[in-house]
Amino acid sequence: MSLLDLPNEIILQIARNQDLPDTNALLRTNRRLSRLLTHVLIDNVFSTDTRVRRYGQNVLFSAAHRQDNMTVKRFLGSGLLNGEEILTTAVSSMSETTIRTLIDCGVDATDKGGSRLTPLHTAVRMFRPTIVELLLGVDGIVVNSQQNGRTPLHDAIAAGSEEMVRLLLLDKRAQLNHPCPAGPPALHLAVNLADKRMTQLLLSDERLDVNILGPCNRTPLHQAVFRDRDRNDILSILLADKRVDPNLKSQSGLTPFHEAVKLGCEATIRIFLTCAAVDINARDPAGERPIHRAISLGWRGVLPLLVKDPRFEINQSDRHGRTPLYLAASLDQIHTTRLLLSHGEVDVNASSALGETPLHVAAKRGHEGIVRLLLEREDLDIDASRIGMSSVRSLARGYTSTIRKLVLAYGHSGQQDVSEVRASAEEGRAGRRTRRRNRWGYS
1 MSLLDLPNEI ILQIARNQDL PDTNALLRTN RRLSRLLTHV LIDNVFSTDT RVRRYGQNVL
61 FSAAHRQDNM TVKRFLGSGL LNGEEILTTA VSSMSETTIR TLIDCGVDAT DKGGSRLTPL
121 HTAVRMFRPT IVELLLGVDG IVVNSQQNGR TPLHDAIAAG SEEMVRLLLL DKRAQLNHPC
181 PAGPPALHLA VNLADKRMTQ LLLSDERLDV NILGPCNRTP LHQAVFRDRD RNDILSILLA
241 DKRVDPNLKS QSGLTPFHEA VKLGCEATIR IFLTCAAVDI NARDPAGERP IHRAISLGWR
301 GVLPLLVKDP RFEINQSDRH GRTPLYLAAS LDQIHTTRLL LSHGEVDVNA SSALGETPLH
361 VAAKRGHEGI VRLLLEREDL DIDASRIGMS SVRSLARGYT STIRKLVLAY GHSGQQDVSE
421 VRASAEEGRA GRRTRRRNRW GYS
């Protein structure tokens, strides 16, 4: 060994036993020492697991940032660092140069996901568009990798990042219609978040299946109905798309319009009624149509919207043969009955599967106001009998006294007799009130 080599050997020997901060201080005293001690420094990092955990990533990222491929490969070749975890960490904060060097040196960017975040997921979540572009350009990158069931596209939509969504949609490998095991498809997610920009952005892609089924076999239009916030804006956007089928049924057998009627939201129903493709007379699994559901729930504000629509079929029946008029009469809904009777095509004599007409059920249940409304109709057939059901007049003995008088008085003079019975009933009630007052000494 020459005399000139001795100082170097001494320095190398000292460096092997130093802590890394001390070695760093030694390197800073003389720039030339950095080349001499590079391999010593690396070996020192790998001397214990503790040092690897404490300094390994920082040393690796520093080498990658300097594009020192030899040092990076030496680190990776040691097997002491997990390449996938390193890249995921680098993506969150390191420079594009650092990440590119790591990939060029063999770090796998094609992780398929699972319980861990993939590098692509991380770049999307950290809103790093240049890194997303870099990763999308890597051969074999899994664009639709899932982390707990969510793809990078789902993450971008959830974050409301329009730039990220556009970047991912530009990649033809991105699956817009990929059902998410742990959550809804992409369009469902945008609708659930009531995000108009995301919804419009997804609808602009011709690859999108606008009628894709999500949880409970609900379409995006179903989901829009259930949103309280910005519900009507999202509905209008979806219904304006000609690809949307507004009459698809969910797992429960209900169309989006059925759901809207159940909620009784008048503004939402008005939006549906502006769409010519909506079937406002569709049956649900119980055999009910939207008008039946609205009557049953007592949505008085919804009923005029349905009745005045030219598509509305006034005499449609449910599976029990009950027309809307029959149902309103059976529930003693005066306002609804009057509304339905104002419709020019209403059939006041339509019978149910049991042979009962609206007058039958109103008289049987003692709904005097409904009976009076029906008896005022000139087209009422009070003496008609149905299979298994006698006429209303022949059953009058079983009704209340007032209804019995109304029914029996309904004859050839029709409405005149009904008016007379009404006046007689009023006189009778007035007489009873007078007798009660006299009995208790009231003047």
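So the sequence shown is residues 1 to 443, counted in UniProt numbering.
Glycine included, C-beta positions come from ideal geometry on N, C-alpha and C.
Since we're looking at a predicted model, the values are computed, not measured.
### Query
Under the three-state reduction of DSSP, which class applies to Met164: helix, strand or coil?
Residue state, collapsed to three classes: helix.
### Message
By the three-class DSSP mapping on this structure, what secondary structure does Gln147 have?
### Response
Note: Gln147 maps to strand in three-state DSSP.
### Message
Given 7 Å as the limit, tell me if Val261 has its C-beta closer than that to any heavy atom belonging to the ligand SAH.
### Response
As for the ligand SAH, it is missing from this structure, which has no ligand bound.
### Query
If we call anything under 8 Å between Cβ atoms a contact, is Ile86 one with Gln57?
Yes, these two residues count as a Cβ contact at 8 Å.
### Nearest candidate by alpha-carbon position, reference Arg125, set Ile157, Gly149, Leu297 and Ser95
Nearest C-alpha to Arg125: Ile157.
### Message
Quick check on the DSSP output: the alpha helix (DSSP H) that includes His320 runs from which residue to which?
### Response
Unbroken run through His320: none, as it is neither H nor E.
### Task
Taking Asp340 and Asp309 to be in contact with their CB atoms under 8 Å, please state how far apart those CB atoms are, rounded to whole angstroms.
According to the sequence as given, residue 340 is Leu; it is not Asp. In fact, because the Cβ distance is near 14 Å, the residues do not count as touching under 8 Å.
### CA nearest to the CA of Lys264, picked from Leu248, His292 and Leu60
A small fix is needed here, since residue 264 is Gly in this sequence, not Lys. The residue with the shortest Cα to Cα distance from Gly264 is His292.
### Task
Mind checking who Met389 pairs with in its DSSP beta bridge?
Answer is Arg386, bridged to Met389.
### Task
Measure the beta-carbon distance from Ile403 to Ala363 and round it to whole angstroms, keeping in mind my assumption that it falls under 8 Å.
About 5 Å; that satisfies the 8 Å criterion.
### Query
Just checking, does the segment 382-402 make contact with the segment 341-348 on the three C-beta pairs under 8 Å criterion?
Contact check between the segment 382-402 and the segment 341-348: fewer than three CB pairs, one atom from each, fall below 8 Å, which does not count as touching.
### Message
Does Gly214 pass the burial test, meaning 16 or more other C-beta atoms within 10 Å, or should it be called exposed?
### Response
Buried, by the Cβ-count rule.
### Message
Tell me the DSSP secondary structure of Met198 in three-state form.
### Response
Reduced to three states, the DSSP call for Met198 is helix.
### Query
To which residues of the same chain is Leu303 closer than 8 Å at the C-beta, ignoring the five residues directly before and after it?
These residues qualify, in order along the chain: Ile291, Ala294, Ile295, Thr336 and Leu339.
### C-alpha distance - Asn211 paired with Leu201, whole-angstrom precision
Per the coordinates, the alpha-carbon of Asn211 lies some 16 Å from the alpha-carbon of Leu201.
### Message
What does the Cβ neighbour count give for Thr97, buried or exposed, with the cut at 16 atoms within 10 Å?
### Response
A residue is called buried when at least 16 other Cβ atoms come within 10 angstroms of its Cβ; Thr97 does not meet this threshold and is exposed.
### Query
So, helix, strand or coil for Gln57, using DSSP?
Helix.
### Query
Can you tell me whether DSSP reads Asp139 as helix, strand or coil?
Looking at Asp139 - three-state DSSP - the assignment turns out to be coil, as it is neither helix nor strand.
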